[in-house]
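Data block below; observations after.
Numbering (the UniProt record's numbering), first residue to last: 1 to 363.
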């Protein structure tokens, strides 16, 4: 899989929209230029220190601009709407707190109205972009599955999918995870999620302490199944990478959420991390708030970590986002790097850059 060149960076500008609301912009950053050296050998030779980060004071010119019109809740969520099989890396869905949605393309500079959700989703919903194989028209095969991060029995539309019907896009209601119907269930978050190797099965997992466990949803049969009472040892989205030993890569569920690898090809028992790498060594007084992972192809990843770097004694809530480019190698053959096979994995850190420009997410 060829590495993608650009990242879609969504930024939130507090108080710059109408009536003091938030303005959101989308910029495109050249990952090859800012996050990676010209070669693996150059990255290995660099041996960067923890403080050696490029600082980007101004992002590239915004490609798209959005503003929510709802007066009581001006937050917007952006979800990636592209997948391994669908191609492209610039399409996304934007939704507001009332459930209004638009489809947009950061590369093509296009915005298209989409139907409203049947029920608004809470902040930071879980999403999966899946290319359906049972659709005759290829350009209508993509579907976006959206699930509330906090699933409740009170909401009959926790889980929906945006699909192209006979003439237009429509939101289709899907069954919620079965654990919401358990009288003993207390609302808990979906801590980690991924697509399994078939590209059509969704896997979600709760925090370890909740005892909800791990569940799978078959998007073809539209049925849920329980994998086990155990939780995936991950935080956020994990990516399946066939070219890297057919493994999954994500962020570990324990602080400081290191970059990790594991095998999810068999869910008969609780999977364990195969590798746990320190991808970033920030200053000790930085407080990590959240993180995310994006697979770029060709064994390369972008890791985004958000920190509170302010002074707690003065209630300074200054935040920073650090983007790091890493490369995973699967052994060496004849003195040359091999990006596949079953040999021992090796992580090579490339570049990091820090931004204080209000990054909300990287897609």
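Built from N, CA and C at the ideal position, the CB exists for glycine as well.
Here the structure is a predicted model, which means the values were calculated and not measured.
Leaving aside the five residues that flank residue 143 on each side, the residues in its chain whose CB is nearer than 7 Å to its CB run, in chain order, 130, 132, 161, 162, 163. Under the rule that a run must span 4 or more residues, no alpha helix (DSSP H) segment is found entirely inside the region 84-145. For residue 76, the closest of 13, 175, 352 by C-alpha to C-alpha distance is 13. By the neighbour-count criterion, in which 16 or more other beta carbons inside 10 Å mark a residue as buried, residue 114 falls on the buried side.
Taken atom to atom, the span from the alpha-carbon of residue 30 to that of residue 186 is near 43 Å.
Straight-line measurement puts the Cα of residue 120 at about 5 Å from the Cα of residue 98. Here residue 328 really is in contact with residue 244; their C-beta atoms are around 6 Å apart, less than 8 Å. The three-state secondary structure of residue 344, taken from DSSP, is coil. A check of alpha carbon separations from residue 172 across 226, 219, 295, 188 identifies 219 as the nearest. According to DSSP, residue pairing for residue 218 in a beta bridge involves 201, 223. The alpha-carbon of residue 213 is positioned some 31 Å away from that of residue 101. Burial is judged here by how many other beta carbons sit within 10 angstroms of a residue's own beta carbon; residue 55 has fewer than 16 and is exposed. With contact defined as three or more Cβ pairs closer than 8 Å, the region 192-199 and the region 174-184 are not in contact. Taking the CA atoms as reference points, residue 170 sits about 42 Å from residue 330. When the Cα atoms are used, residue 37 and residue 263 turn out to be separated by approximately 29 Å. Secondary structure within the region 232-286: the beta strand (DSSP E) runs of 3 or more consecutive residues, fully enclosed, are 234-241, 247-252, 259-262, 273-277 (chain order).
Here DSSP, grouped into helix, strand and coil, assigns residue 155 to coil.
Measuring C-alpha to C-alpha distances from residue 155 to each of 118, 82, 43 identifies 118 as the nearest. By the criterion of a C-beta distance shorter than 6 Å, residue 318 is surrounded in its chain by 309, 310, once the five residues flanking it on both sides are discounted. In this structure, the beta-carbon distance from residue 27 to residue 60 falls below 7 Å.
In the displayed model, residue 304 falls within a strand according to three-state DSSP.
Within the same chain, 296, 297, 298, 300 come within 7 Å of residue 3 by CB-CB distance, once the 5 residues on both sides are set aside. Taking 7 Å as the cut-off, the Cβ atoms of residue 205 and residue 188 do not count as close. Put simply, of 40, 352, 229, 348 the residue whose alpha carbon is nearest the alpha carbon of residue 269 is 229. Residue 80 is bridged by DSSP to 92. Residue 288 and residue 128 have their C-alpha atoms some 25 Å from each other.
For residue 324, the enclosing beta strand (DSSP E) begins and ends at 319-330. Distance from the CA atom of residue 103 to the CA atom of residue 181, rounded to whole angstroms, is 33 Å. By the CB criterion at 7 Å, residue 291 and residue 347 fall outside the cutoff. Residue range 359-362 is occupied by the beta strand (DSSP E) that includes residue 360.
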